[in-house]
Amino acid sequence: MKSPKETALDRKILKEINGKCRRTVEYMINDPEIKHLQDYANTVSIKRLHYNDHGPVHMRMVALNAVHMAVLLREKGIAFSLENEGCGSFDDSLTAILIAAFLHDIGMSIGRHDHEKNSVVLAAPIIDRILRHIYGNNIERIIILRSLALECISGHMGTQKIHSLEAGLLLIADGLDMEKGRARIPMMIDSGAQVGDIHKYSAAAIEMVTIEEGRQKPLKIIVEMSESIGLFQIEEVLFAKINSSPMKQYIELYATIADQKPKRYL
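Under the numbering used here, the letters of the sequence shown match residues 6 to 271, in that order.
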């Protein structure tokens, strides 16, 4: 059964999209295999590894972040890689990004190490099934979007060089899910001192992440935090992802700690 948070995020995502993108998300949120993979990935992440949320809520947050950024880029006249290469439309690109958002962490159902590679293996047949449902017998488009979605998934940790703007956007959309709600359950579980605790404690300090139109660049990201420990999320997690993303040139990045003056990173 879905949590109220999942259901609320489903509504928010669907409200922002239409056409093939909407049909794709509707298909995914009603697919039992995707649901069980997301749920078990979260169980492994939180209960076994004492890590933070890598389940259905996180993957929906990544999808919502991706939609917000994609729309802002389009409004600024910035085309995605598929359009620039004559291989697809904005909707095609966003469809691939949304599929990747919903599947990028299912490899956590196996374990943390190389989970992006495991996600690719687990996701490939699911992606084929989704795309055949949406695109029918258009084999060329299915091959293109499958390849793009798999690039997005394999590159979401920033450990593999990515080249498409779509994969760069997914990489950052993943990094932006850092608000304290993501660390709520791990913080409630008394597991003693663990290597990697900095992730949950730093995430617990993040109050809000805002994506909006920038002044000098198309996108402005503002990370508000209650304590300076939250800077770990920006400097060691988010900034590393932005730095390795083709999206970097389009981003302004700010951090604020309580009532202090905002700190600009980009």
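We put the CB at the ideal spot given by N, CA and C, even for glycine.
Practice prompt. Leaving out five residues on either side along the sequence, give the residues of the same chain with a beta carbon under 7 Å from the beta carbon of N70.
Written response: A178, L181, D182 and I216
Item to complete: For the beta strand (DSSP E) containing E217, list its first residue and its last residue.
Response: I211 to E218
Worksheet entry | Three or more C-beta pairs below 8 Å linking the region 219–230 and the region 36–46 | no
Worksheet item: Hey, I167 and L176: beta-carbon distance below 8 Å or not?
Response: yes
Practice prompt. Indicate whether V62 and S8 have their beta-carbon atoms separated by less than 8 Å.
Written response: Closer than 8 Å, so yes.
Item to complete: Have a look at E257, R151, R137 and A245 and flag the residue whose alpha-carbon is nearest the alpha-carbon of L271.
Response: For the options E257, R151, R137 and A245, the alpha carbon positioned closest to that of L271 is the one of E257.
Worksheet entry | is_contact[E88, chain D] using C-beta, thresh 8 Å | Of the chains in the structure shown, none is chain D; there is only one protein chain.
Worksheet item: CA-CA distance, L127 and I111?
Response: 7 Å
Practice prompt. Ignoring anything shorter than 4 residues or poking outside the region 35–85, list the alpha helix (DSSP H) runs there in chain order.
Written response: If you keep only unbroken alpha helix (DSSP H) runs of at least 4 residues inside the region 35–85, you get 37–48 and 61–80.
Worksheet item: So what does DSSP say about K164, is it helix, strand or coil?
Response: Note that residue 164 is Thr in the sequence shown here, rather than Lys. The answer is coil: DSSP assigns T164 none of H, G, I, E or B.
Discussion item. Distance check for K81 and R269, CA to CA, integer angstroms please.
Written reply: 22 Å
Discussion item. Here's the rule: buried if 16 or more other CB atoms are within 10 angstroms of the residue's CB, otherwise exposed. What is E156?
Written reply: buried
Worksheet entry | Beta-bridge partners of A260, as assigned by DSSP | V228 and K268
Worksheet item: Nearest-angstrom Cα distance between M213 and V228?
Response: C-alpha of M213 to C-alpha of V228: approximately 6 Å in a straight line.
Worksheet item: If we ignore side chains and look at the alpha-carbon of each, how far apart do P130 and E88 end up?
Response: Looking at the two C-alpha atoms, the distance is approximately 25 Å.
Worksheet item: Quick one: any contact between the region 130–143 and the region 28–36, if contact means 3 or more CB pairs under 8 Å?
Response: Yes, since at least three Cβ pairs between the region 130–143 and the region 28–36 fall closer than 8 Å, the two stretches touch.
Worksheet item: Around the C-beta of N47, are 16 or more other C-beta atoms found within 10 angstroms, so that it is buried, or is it exposed?
Response: Residue environment for N47: buried (at least 16 other C-beta atoms within 10 angstroms of its C-beta).
Worksheet item: Just the Cα atoms here: how many angstroms apart are S169 and S86?
Response: 6 Å
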